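For what it's worth, full-length UniProt numbering labels the leading residue of the sequence shown as 1, then goes sequentially. Every residue gets a Cβ at the ideal spot worked out from N, C-alpha and C, and that includes glycine. Quick caveat: nothing in here was measured; it's all calculated off a predicted structure. A short worksheet on the structure shown next.
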Amino acid sequence: MLLFQIISCPWFLISFLVPCYGSLQLGFSKLQRGHRLDRKLIQSFPELSFLDCVIECLVTPRCKSVNYFKGANFCEINYENKTTAETRYMESAGWVYSEKEHWPKELAGACSNSTCEINQTCKHKRYSEDTFFECVLSDCGIPDQNGIDLNTTRREDAIGIHRRIHASCADGYSQSGSGWLICQSNGEWKYDIVCTVLTNIALGKPATQLSTYLDYNAAYAVDGIRETNHLVHKCTATGDGDTNPWWKVDLQAVYYITSVRILNRGKDEYGDVSFRLQDVTVTIGGDVCCCGRVMWHGEGSEAFCG
């Protein structure tokens, strides 16, 4: 009968096995079932008990929270919590979310007072009074290379050793490479992505267009103002009824063109009419180094901004 009671009450069994760590009640009472923190992953561990998952976080200085999938005994440790990454905290059936600060640090055993660095994890003999521990590299840190945008990371991406992140270049940069960042065994990132600052070589250069609607002349497209409220910040616009409108800029020198970006009109008091800019053809070369020829459908011509 006693054996049956222990099997049916696993949390009781855990607390019985580790009485020296004090009460676990606070940690268990603050479990947030059906939730997880997304895309803030240090490392993941298969076939790990929930308590061992918490300990993995406690011995890793960078860790602030854990996700645990009960059905598969799958553990994830995160470098942020729901306060610092609020938009990444979400409902997810089968998962349990918990924060590091809710658990007694004594669970870390010999590592409870370790001096491991932020990118290390403390290794020790669990559930033992042995005071020996060692610090080993755990991650490559959060990438901070100029131009890298981490908002494109994927669900499985992590900063731990031998893991990788999918990234892209932020607005204002051109990208080359696969977009991968690989965490090497020496704790350094290998960047298979290069983000180069885009230079607006058209800024302030002479611009012309087929026709002009009111005072929305061609120069507004190269004035450097990137806001897209057509009525406030001004964009260029050709006249109503043009069936084959065009706009062009004279760069006044020969350049190697890596990219052309068109900033379309945004929402204003007339709503979102950005659909008017369609079927854009960009031609580079000739007497002008970068010119644009725009073909319209529907209501005719519309705006270039910035």
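Return the first residue and the last residue of the alpha helix (DSSP H) that residue i is part of.
i, result
"V54", "50–58"
"Q25", "25–29"
DSSP three-state call for residue i: helix, strand or coil?
i, result
"T152", "helix"
"S112", "helix"
"Y21", "A caution first: Y21 carries a pLDDT of 48, below 50, which makes its placement in the model unreliable, though a value can still be read off. The answer is helix: DSSP assigns Y21 an H, G or I state."
"R126", "coil"
"E91", "strand"
"L137", "strand"
"H102", "helix"
"R74", "One point to set straight first is that residue 74 is Phe, not Arg, in the sequence displayed. F74 falls in the strand class under three-state DSSP."
"S168", "strand"
"G62", "Note that residue 62 is Arg in the sequence shown, not Gly. Coil."
"L107", "helix"
What distance in whole Å lies between the Cβ atoms of residue j and residue i, which are believed to be in contact at a cut-off of 8 angstroms?
i, j, result
"S138", "T121", "4 angstroms"
"residue 313", "W189", "This structure cannot speak to residue 313, because the chain is shown only from 1 to 306."
"K125", "E134", "Incorrect: roughly 11 angstroms between the Cβ atoms, too far for contact."
"G71", "G34", "No, G71 and G34 are not in contact; Cβ-Cβ is about 13 angstroms, not under 8 angstroms."
"H102", "L26", "6 angstroms"
"R261", "T153", "Contact flag wrong, Cβ pair sits at about 24 angstroms."
"M90", "R36", "7 angstroms"
"S176", "L198", "Incorrect: roughly 12 angstroms between the Cβ atoms, too far for contact."
Along the chain, where does the beta strand (DSSP E) that runs through residue i open and close?
i, result
"T283", "280–285"
"N67", "65–69"
"G147", "No beta strand (DSSP E) holds G147; DSSP gives it neither H nor E."
"R36", "32–37"
"V273", "Unbroken run through V273: none, as it is neither H nor E."
"I42", "41–45"
"K248", "246–249"
Taking only beta-carbon positions, decide if residue i is within less than 8 angstroms of chain D.
i, result
"L263", "Absent from the structure: chain D. Only one protein chain is present."
Quick one: any contact between the segment 193–206 and the segment 163–173, if contact means 3 or more CB pairs under 8 angstroms? yes
Can you list the beta strand (DSSP E) stretches of 3 or more residues lying completely in the segment 171–240, in chain order? 173–183, 189–197, 207–209
Is it true that the segment 53–67 meets the segment 79–87, where meeting means three or more beta-carbon pairs spaced less than 8 angstroms apart? yes
Is it a yes or a no for the segment 203–211 touching the segment 177–187, going by three-plus beta-carbon pairs under 8 angstroms? Under the Cβ criterion (8 angstroms, minimum of three pairs), the segment 203–211 does not count as touching the segment 177–187.
Check whether the segment 225–240 touches the segment 256–271, taking contact to mean three or more Cβ pairs, one atom from each stretch, closer than 8 angstroms. yes
Counting pairs of Cβ atoms below 8 angstroms between the segment 48–63 and the segment 117–132, do you hit three or more? Segments in contact, yes.
Determine, using beta-carbon pairs with one atom in the segment 86–104 and one in the segment 36–54, whether at least three such pairs fall under 8 angstroms. yes
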